[in-house]
Each structure stands twice: as C-alpha cells, then as structure tokens.
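Participant: With our numbering applied, the first sequence corresponds to residues 69 to 273, in that order. Note that beta-carbon positions come from the ideal geometry of N, C-alpha and C, so glycine has one too.
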Amino acid sequence: MNNPFPRSFYFQDVQKIARQLLGHLFVKIQSDGSRLSGRIVEVEAYAHNEDPASHSYRGKTLRNAVMFESGGHLYVYFTYGMHYCCNIVTGPEGEGNAILIRALEPLEGKNIMAYKRFGKDTLSAKEYSNLTNGPAKLCKAMGIDREANGLDLCGSTCWIEKGKEISDPQIACSSRVGIHRAVSLPWRYYLKDCKWVSKARIHHE
DNA sequence: CGTGAGATTTCCT
DNA sequence: GGAAATCTCACGT
Numbered sequence: 069m070n071n072p073f074p075r076s077f078y079f080q081d082v083q084k085i086a087r088q089l090l091g092h093l094f095v096k097i098q099s100d101g102s103r104l105s106g107r108i109v110e111v112e113a114y115a116h117n118e119d120p121a122s123h124s125y126r127g128k129t130l131r132n133a134v135m136f137e138s139g140g141h142l143y144v145y146f147t148y149g150m151h152y153c154c155n156i157v158t159g160p161e162g163e164g165n166a167i168l169i170r171a172l173e174p175l176e177g178k179n180i181m182a183y184k185r186f187g188k189d190t191l192s193a194k195e196y197s198n199l200t201n202g203p204a205k206l207c208k209a210m211g212i213d214r215e216a217n218g219l220d221l222c223g224s225t226c227w228i229e230k231g232k233e234i235s236d237p238q239i240a241c242s243s244r245v246g247i248h249r250a251v252s253l254p255w256r257y258y259l260k261d262c263k264w265v266s267k268a269r270i271h272h273e
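(1) Give me the residue from SER243, ASN198, LYS178 and SER235 with the minimum Cα distance to GLY106.
(2) Give me the residue from GLY246, PHE136, TYR78 and GLY164 with the minimum Cα distance to TYR148.
(3) On the three-state DSSP scale, how would you describe LEU89?
(4) Can you tell me where the alpha helix (DSSP H) holding PHE186 begins and where it ends?
(5) Could you tell me the distance, in whole angstroms, from the CA atom of PHE94 to the CA atom of PRO74?
(6) Check ALA121 in the structure and name its three-state DSSP category.
(7) Closest by CA to LYS96, which one among ASP119, MET181, ILE85 and GLU118?
(8) For VAL82, collect the residues of the same chain with a Cβ closer than 6 Å to its Cβ; drop the 5 residues on either side in sequence, then sort them by chain order.
(9) Between the beta-carbon of CYS226 and the beta-carbon of TYR152, is there less than 8 Å?
(10) Can you tell me whether HIS248 is buried or exposed, with buried defined as 16 or more other CB within 10 angstroms of its CB?
(11) Ignore the nearest five residues each way along the sequence and tell me which others in HIS272's own chain have a CB closer than 6 Å to its CB.
(12) Answer yes or no: do SER124 and PHE136 have a C-beta to C-beta separation smaller than 8 Å?
(13) Among residues of its own chain, excluding the 5 on either side of ILE234, which ones have a beta-carbon nearer than 6 Å to its beta-carbon?
(14) Sort ASP100, ARG185, TYR183 and LEU168 by Cα distance to TYR257 and report the nearest one.
(15) Whose CA, out of LEU219, LEU259, GLY140 and CYS241, lies closest to the CA of LYS232?
(16) Among the candidates ILE108, GLY139, PHE77 and ASP100, whose CA atom is the shortest distance from the CA of ILE239?
(17) Between the C-alpha atoms of ASP261 and LEU104, what's the straight-line distance to the nearest angstrom?
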C-alpha cells in the first residue's frame, strides 16, 4: 500500500512504459486519506517526435505545458467542451511525451467512484460496466479535473503502484482511438479479452 | 443492436 | 470558423 513507482520508471522509452503500465494500479488519495484505485487495462502512447496526433506536436501552449515537464507528472486536459482526460508524462523535461490512460478495472473505493460519476453509490450492472471504461469516464469516477493537472506522481496524492504482473501474450495493440492523424501508428495497448477495455471505435482514414 | 446529433472550451488556420 | 486523444441520449431496426 502507498508505494508509488520511482521517478526512474518514467524515464524509459515511452512505448515500453505504455506496455508496462498495463496491469498496474492507478491510485488517487482523497482528502480523508482513503484510496481510490483501478487496474490499468488500456493506454495510448503519444510521442514528442513525428507524431502529428500528439498535443505536443506543435510546441508548448498553456493547455499542454505539463506535457513538457519531466517524466512522472500528471497531464490533465479538457476537451470537447466537457470532458477531462489524464496522461502520464514520460522522458526528460522539454520532450513532450505522454501516455493517455484509456480504461481501468475499478478496485478500491468503487462506491465512491460510483457516486462521483453517477451521483449514487448503487449501480445497475450496465452502469457498473461503464464506470471506468473510457478516458473521460475514469477521470470523472476518480475525481480528476484541472486541479490535478501537473501533479507529481512521485510523492503526492496520485501515483502508479505495482499490480498483478501481465505477460506479453495478454497484451494487444492497435491504432489509437478518436484521432484522425497518424492513424496507422499502432500505439494503443490493451489487455486481450478484458471486459473493462473501452468500447470506443477506431477511426479510419 | 446500430447510427447520429448535441454539449461547449481550447487551440489552430 | 471549425475541429478536437469523448460521452450520452434519442431514435430506427
């Protein structure tokens, strides 16, 4: 419990980190000290170099500034006028790599997550399966908004910690979801046959 | 089951 | 002015 991954974890290759994140836990500590957590089952990598789909592609702006901080920070952005999505920043300061967390399997604090997302703590089976199976859904359930933008994942109230080890054969990859540029790059990684993976469809050119 | 429109801020052309 | 790393709801099959 409460054993965040060290800073060095976030300074490996972004694709390698993206694969390694699968199966580990995304943890957020609430103001009363209790834990909300979920197992990471789906991520997407966004690289600083030659990746037109990355927010960092055209340089630093007010919104994406955290993406250019050093590895181990949380980059939260607001999109479509209503949703938040959260990313793990990787690599040295100034590079602009990040990994979008796309789906979680809810573990600790499920009734709190249910309340944050649906305004009630008892969910139908359908609502429960929709609790954290998308990037904006999991942010709502975990209580992540612009306040969390820039959080240090090494010693604050939010981090990644060790979960069940996932072997390579259980990992699948595909095109990224919801983007129209660099669609051919297979930088979405997810756990095969996992019911918590998002249902979002992949765009084609 | 599938498809399509609307919500509404931030950034880019 | 228009698209965007999304989601939900309405409506037709």
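Facilitator: Based on what the coordinates show:
(1) One-based indexing of the first sequence puts residue 106 at position 38. Per the Cα distances, LYS178.
(2) Looking up residue 148 in the first sequence gives position 80. When each option's Cα is compared against that of TYR148, the closest is GLY246.
(3) Here residue 89 refers to the residue found at position 21 of the first sequence. Reduced to three states, the DSSP call for LEU89 is helix.
(4) Position 118 of the first sequence, counting from 1, holds the residue named residue 186. 178 to 186 is the span of the alpha helix (DSSP H), which, as asked, contains PHE186.
(5) The sequence position of residue 94 within the first sequence is 26, counting from 1. The sequence position of residue 74 within the first sequence is 6, counting from 1. Whole-angstrom Cα-Cα distance: 14 Å.
(6) The count along the first sequence starts at 1 and reaches residue 121 at position 53. Correct three-state label for ALA121: coil.
(7) Working through the first sequence from its first residue, we reach residue 96 at position 28. Comparing Cα-Cα distances from LYS96 to each of ASP119, MET181, ILE85 and GLU118, the minimum goes to MET181.
(8) For the purposes of this step, residue 82 is taken as residue 14 along the first sequence, with counting starting at 1. Same-chain partners within the cutoff: ALA113, ALA115, THR158 and ASN165.
(9) Within the first sequence, residue 226 is the residue found at index 158, counting from 1. Within the first sequence, residue 152 is the residue found at index 84, counting from 1. If you check the CB distance, CYS226 and TYR152 do not come in under 8 Å.
(10) Position 180 of the first sequence holds residue 248. With fewer than 16 other beta carbons inside 10 angstroms of its own, HIS248 counts as exposed.
(11) Here residue 272 corresponds to residue number 204 of the first sequence, with the count starting at 1. Because the pLDDT of HIS272 is 46, which lies under 50, any placement of that residue in the model is unreliable, and the number read from its coordinates should be weighed accordingly. There are no such residues.
(12) To locate residue 124, count along the first sequence from 1; it is residue 56. To locate residue 136, count along the first sequence from 1; it is residue 68. Against a cut-off of 8 Å, the Cβ pair of PHE136 and SER124 comes out as a contact.
(13) Start at 1 with the first residue of the first sequence, and residue 234 comes out as number 166. Excluding residues within five positions, the ones whose Cβ falls inside 6 Å are LEU90 and GLY91.
(14) Taking the first residue of the first sequence as position 1, residue 257 is located at position 189. For TYR257, the nearest C-alpha among the options comes from LEU168.
(15) On the first sequence, residue 232 is found 164 positions in, with the first residue counted as 1. Of the listed residues, the one whose Cα sits closest to LYS232 is LEU259.
(16) Position 171 of the first sequence, counted from the first residue, corresponds to residue 239. Comparing alpha-carbon positions, the option among ILE108, GLY139, PHE77 and ASP100 lying closest to ILE239 turns out to be ILE108.
(17) The sequence position of residue 261 within the first sequence is 193, counting from 1. The sequence position of residue 104 within the first sequence is 36, counting from 1. Roughly 24 Å separates the two Cα atoms.
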